[in-house]
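Residue numbers (the working numbering): 2 to 292.
C-beta atoms are modelled at their ideal positions from N, C-alpha and C, and glycine is treated no differently.
As the structure is a prediction and not an experimental result, all values here were calculated from the model.
For reference, the structure discussed in these notes is given below.
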Amino acid sequence: MALTDVLLTDRRLVILDVETTGTNVASDRIFEIGLVVFERRTGVPTEFVDDTSRPWSRREWRSWINPGRAIPVGVVKLCKLSESDLDAIDRAPTFSAVAASVAKGFAGADFAGYHVEFDLKFLTEECRRAGQDIDISSARVFDAARIFFRKHPRHLTDAVREYLGDAVTDGETFHGALADAIHAEHVLEAQLRRWSDVPRAPEALDVYCRNAPDGSIDRNGKIVWNGNDAALNFGKWKGVPLASVSRDYLSWAIGQDFPVDTKTILRDALAGKFPKKESQEAAHENRQAEF
Numbered sequence: 002m003a004l005t006d007v008l009l010t011d012r013r014l015v016i017l018d019v020e021t022t023g024t025n026v027a028s029d030r031i032f033e034i035g036l037v038v039f040e041r042r043t044g045v046p047t048e049f050v051d052d053t054s055r056p057w058s059r060r061e062w063r064s065w066i067n068p069g070r071a072i073p074v075g076v077v078k079l080c081k082l083s084e085s086d087l088d089a090i091d092r093a094p095t096f097s098a099v100a101a102s103v104a105k106g107f108a109g110a111d112f113a114g115y116h117v118e119f120d121l122k123f124l125t126e127e128c129r130r131a132g133q134d135i136d137i138s139s140a141r142v143f144d145a146a147r148i149f150f151r152k153h154p155r156h157l158t159d160a161v162r163e164y165l166g167d168a169v170t171d172g173e174t175f176h177g178a179l180a181d182a183i184h185a186e187h188v189l190e191a192q193l194r195r196w197s198d199v200p201r202a203p204e205a206l207d208v209y210c211r212n213a214p215d216g217s218i219d220r221n222g223k224i225v226w227n228g229n230d231a232a233l234n235f236g237k238w239k240g241v242p243l244a245s246v247s248r249d250y251l252s253w254a255i256g257q258d259f260p261v262d263t264k265t266i267l268r269d270a271l272a273g274k275f276p277k278k279e280s281q282e283a284a285h286e287n288r289q290a291e292f
């Protein structure tokens, strides 16, 4: 059995986890990436598929990343990094060396994980800094944490024990990128098998996992529809259409710790380009038509 048996996706599915030097996407950096990649086989081997005998391939990938800065002591303790781990990180490639491969692997994919918006935020920002802008605006995102919090408001360790039970040992490692990505994969599969009210269709599950009010334009509800106008949903300009927000405030907001899709809309607004409700609704209807 596999996650793709219960999640009715038709795209490459990337389950991801990153470990970082901190939580600020602007000033902190990634030092470990873990991916579990499901890809539908087409009969032609690809970057992720080396065997075309089964409908879906499953592949794991992990890499240390040299963050170009010291890893804080608190993070070292949290992630249980050994001296050999720290030496390996010092010798590892920088993110810019793997950015092109990450961007290629993410193209056209859906994403899953545990608090996966955090991981996506860091990865897309690291790619942008490396000159590899990636557009994930049409991706469906399946967050096992959102499902778990709706059912039992706790953490990944509790989710693994709740859904995987005896499959987890007391000494099993958490806060390792690939280990956490694999845990998220198995938790999400178990959630979809257990809860009949959790959607299986990707479009509906994407909406179910969002933490944003109705009428949101970005994934986190920082920008919403006000009638037919895109408007800010935070700060002193809350409720004001983007076209009327001061350029200074837009520039300030772009520098804040917002997700990449929010910043993309803000940068476009600063350049005089604003979301159009009819085009977004048409895109939504086209995605719904896939099912």
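8 Å Cβ cutoff met for residue i and residue j
| i | j | result |
| --- | --- | --- |
| LEU14 | THR5 | yes |
| ARG70 | ARG30 | yes |
| LEU189 | PHE143 | yes |
| GLU127 | CYS80 | no |
| ALA232 | GLY222 | no |
| ALA131 | SER97 | yes |
| GLU33 | ALA178 | yes |
| GLY236 | ASN227 | no |
| ILE148 | VAL103 | no |
| VAL261 | LYS122 | yes |
| ILE255 | ILE224 | no |
Neighbour-count burial assignment, residue i, 16 or more Cβ in a 10 Å radius
| i | result |
| --- | --- |
| GLU61 | exposed |
| ASP52 | Only weak support exists for where ASP52 lies, its pLDDT of 49 falling under 50; the value from the coordinates is given anyway. Label assigned to ASP52: exposed. |
| PHE275 | exposed |
| GLY35 | buried |
| GLU186 | buried |
| PRO73 | exposed |
| ASN297 | The shown model of the chain, from 2 to 292, leaves out residue 297, and the question about it has no answer. |
| LYS105 | exposed |
| ALA272 | exposed |
| ASP249 | exposed |
Rounded straight-line distance, which links the Cα of residue j to that of residue i
| i | j | result |
| --- | --- | --- |
| ALA205 | ASP91 | 42 Å |
| ALA101 | LEU9 | 28 Å |
| SER247 | GLU118 | 28 Å |
| VAL161 | ALA146 | 11 Å |
| GLN257 | ALA27 | 8 Å |
| TRP57 | GLU40 | 5 Å |
| GLY114 | ARG12 | 16 Å |
| LEU243 | VAL77 | 42 Å |
| ALA89 | LEU82 | 10 Å |
| HIS184 | LYS277 | 39 Å |
| ASP219 | ALA3 | 31 Å |
| LYS264 | CYS210 | 21 Å |
| THR158 | TYR164 | 10 Å |
| ASP230 | THR22 | 38 Å |
| TRP196 | HIS153 | 13 Å |
| ALA180 | GLY216 | 36 Å |
| ASP120 | GLY75 | 19 Å |
| LEU124 | SER245 | 31 Å |
| ALA110 | ARG42 | 14 Å |
| TRP65 | GLU279 | 43 Å |
| PHE259 | ILE137 | 15 Å |
| TRP253 | HIS116 | 26 Å |
| GLU48 | ARG59 | With a pLDDT of 48 at GLU48, under the threshold of 50, the modelled position of that residue is not reliable, and no figure is offered here. |
| ARG297 | ALA191 | Past the edges of the chain, shown from 2 to 292, lies residue 297, and the structure says nothing about it. |
| LEU251 | ARG129 | 19 Å |
| VAL99 | PRO203 | 28 Å |
| ALA182 | ARG268 | 31 Å |
Integer Cβ distance of residue i from residue j, believed to fall under 8 Å
| i | j | result |
| --- | --- | --- |
| VAL37 | ARG194 | With 8 Å as the limit, VAL37 and ARG194 do not qualify as a contact, their Cβ atoms being about 17 Å apart. |
| ASN67 | THR95 | 5 Å |
| PHE112 | ILE135 | Incorrect: roughly 11 Å between the Cβ atoms, too far for contact. |
Chain E within 8 Å of residue i, Cβ atoms only
| i | result |
| --- | --- |
| ILE224 | Given the protein chain composition of this structure (a single chain), no chain E is represented. |
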